[in-house]
Structures are given as structure tokens and as C-alpha cells.
Amino acid sequence: MSEKSEEENNAERIEELIKQAECPQPYINGATTVVSNGLSFDPDRFALPQDFSDEAGEIVLLDVTVGKPGPQSWVRFHPSEDYRRNYGIVKLDESRETYLVLPHLYHKIPKFLKRVTIYVWVSYTGRVGLWPVRLEVGNRRADKWAITGNAAVKFGMPHWVQIESLESGGYKARKAPFLTREPKFPTEPYPVLLNLGFKDMLIEDEDHPVLKELLGREG
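Right under this line is the structure:
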């Protein structure tokens, strides 16, 4: 019997490898590095599942803007009464920072305190914000900012709107002519949104630096 040629031996080895690839043997204890039949790993174990998504996992809200939406932003306001409440705030002229003030300190700074309703808004691009709007009731001047601000918010509950400040005083709301998609409001409760927006902006006692500055106190 003649010996097989090198070409015949190579052909047999290739045929054997093909058979092994078509019928892989089980892994030892589920390991990916020790297998039989010449395969070092099972490619099927690494294949993407049918329900794979780049958006896997829970999306967590980390930041909330405090202030009026920008004039170029299309926004909607949360219609639920659970997502608005009245507060006392101080807004600094130079830094434009807004602080929540505890009620027992209101009498200390009547000149600077603003009584507002803080509404929740969401932009068309998904940004979440809190807009403090002056109260109409109890506002001595009943100024245009209070009246038109609250009217703009109500108009922006069922409609996408842009909010514009007017030089003559007050706000103007412009309805989007073509936007029909429903807003994606945050699922976090209102207190959580307030904590995110005012996390470092709380005046809780008379030793707060902002209160001392407003009262002209040193130290």
C-alpha cells in the first residue's frame, strides 16, 4: 500500500476541520478557553441578541435648569397641579442666580423676596427646567410680568410654544405651527426636580452669605 501524498494528507486535515466546525462539541464547564474539536470559543455566545439596543439601562435625570426657557426653545409646561407650587425666592441681579427661601425668613427681606409659582417645563429636545413666575394674587403691582407669565404657561400646557420677553414689559407666547409630538415629561416627582434645580441654592437661616449680603451684614 502506497503512502499518501502530502497533498492528500492536507486535504484530509482540511476536511476534518470543516466537520469539526459544523459539529462543535460541548464546552468544559462552560469555559471559553478549553474546548474540543479545535475551536477556542463558540461565536454564537458573543452574537448580539435580537432585542439589543444602544439605549440599554435606565436614563437618570441629573440636571434641571432654573429660569425662563430661552426665546429660541420650543417648550411645553406640565399640566398637572402636582408639578407646580408656590414659593418665595430671591434672584440676584449680578449673577442671575435664584435661591429658595424658607418662609420664616420672608420678613427679613421683603424688598427682595418674590412670591412665585414654580412650573415644570420640557423642551422639544428633552431639556427639563423650572420657571418661577410671579404670583398674580398678592402681587401689589399686579404687573404685566405676573399676568402674562402665568398666561403664557397655561397656553404652553397643550401647545408647543416659544416664550419671548417684551421690552414694554411682560411675555409673549408663540405657538409652533407644525410640532405635534407629545412631550416627554420627566417621571421624577416634583420634589426631586426641585432638589435637582435648587440643590445648592437654599437660604435656610440668617447666616447664609446671600442673606447677609442683602441685609448689609459682615462676617
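The numbering of the sequence shown is my numbering, which starts it at 1180 and goes up by one.
All C-beta atoms in this analysis are idealised placements derived from N, C-alpha and C, irrespective of residue type, glycine included.
Between the CA atoms of residue j and residue i - distance to the nearest angstrom
i: L1399; j: I1382; result: Any answer about residue 1399 is impossible in this case: the structure gives the chain only from 1180 up to 1398.
i: S1347; j: G1328; result: 14 Å
i: S1302; j: Y1278; result: 23 Å
i: P1253; j: E1260; result: Note that residue 1253 is Trp in the sequence shown, not Pro. So the two alpha carbons sit approximately 21 Å from each other.
i: K1354; j: K1378; result: 32 Å
i: R1360; j: D1384; result: 44 Å
i: P1368; j: V1269; result: 24 Å
i: W1187; j: E1195; result: Checking the sequence shown, residue 1187 turns out to be Glu, not Trp. Their Cα atoms are separated by approximately 12 Å.
i: I1394; j: K1293; result: Note that residue 1394 corresponds to Leu in the displayed sequence, not to Ile. Cα-Cα distance, rounded: 16 Å.
i: P1388; j: E1276; result: 13 Å
i: K1323; j: G1349; result: 5 Å
Candidates the options: closest to residue i by CA position
i: T1366; options: W1253, Y1262 and D1384; result: Y1262
i: I1280; options: E1397, E1186 and L1373; result: The sequence given here places Val at residue 1280; Ile does not occur at that position. The option with the nearest alpha carbon to V1280 is L1373.
i: K1351; options: W1339, P1337 and A1330; result: A1330
i: K1417; options: L1309, F1291, E1315 and G1335; result: Nothing in the structure corresponds to residue 1417, since the chain is present only between 1180 and 1398.
Interface flag, residue i vs chain C, CB-CB below 8 Å
i: L1292; result: Within the model displayed, chain C is absent; a lone protein chain is all it includes.
CB-CB length for residue i against residue j, believed under 8 Å
i: Y1266; j: I1297; result: 6 Å
i: P1258; j: W1300; result: Between W1300 and P1258 the Cβ distance is about 11 Å, and since that is not below 8 Å, they are no contact.
Near the ligand GTP: residue i beta-carbon under 7 Å from a heavy atom
i: L1271; result: Absent from the structure shown: the ligand GTP. Ligands present: none.
Of all the alpha helix (DSSP H) runs that stay within the bounds of the stretch 1271 to 1357, which reach a length of 4 or more residues? Positions of the alpha helix (DSSP H) runs, each at least 4 residues long and wholly inside the stretch 1271 to 1357, are given as 1323 to 1334 in order along the chain.
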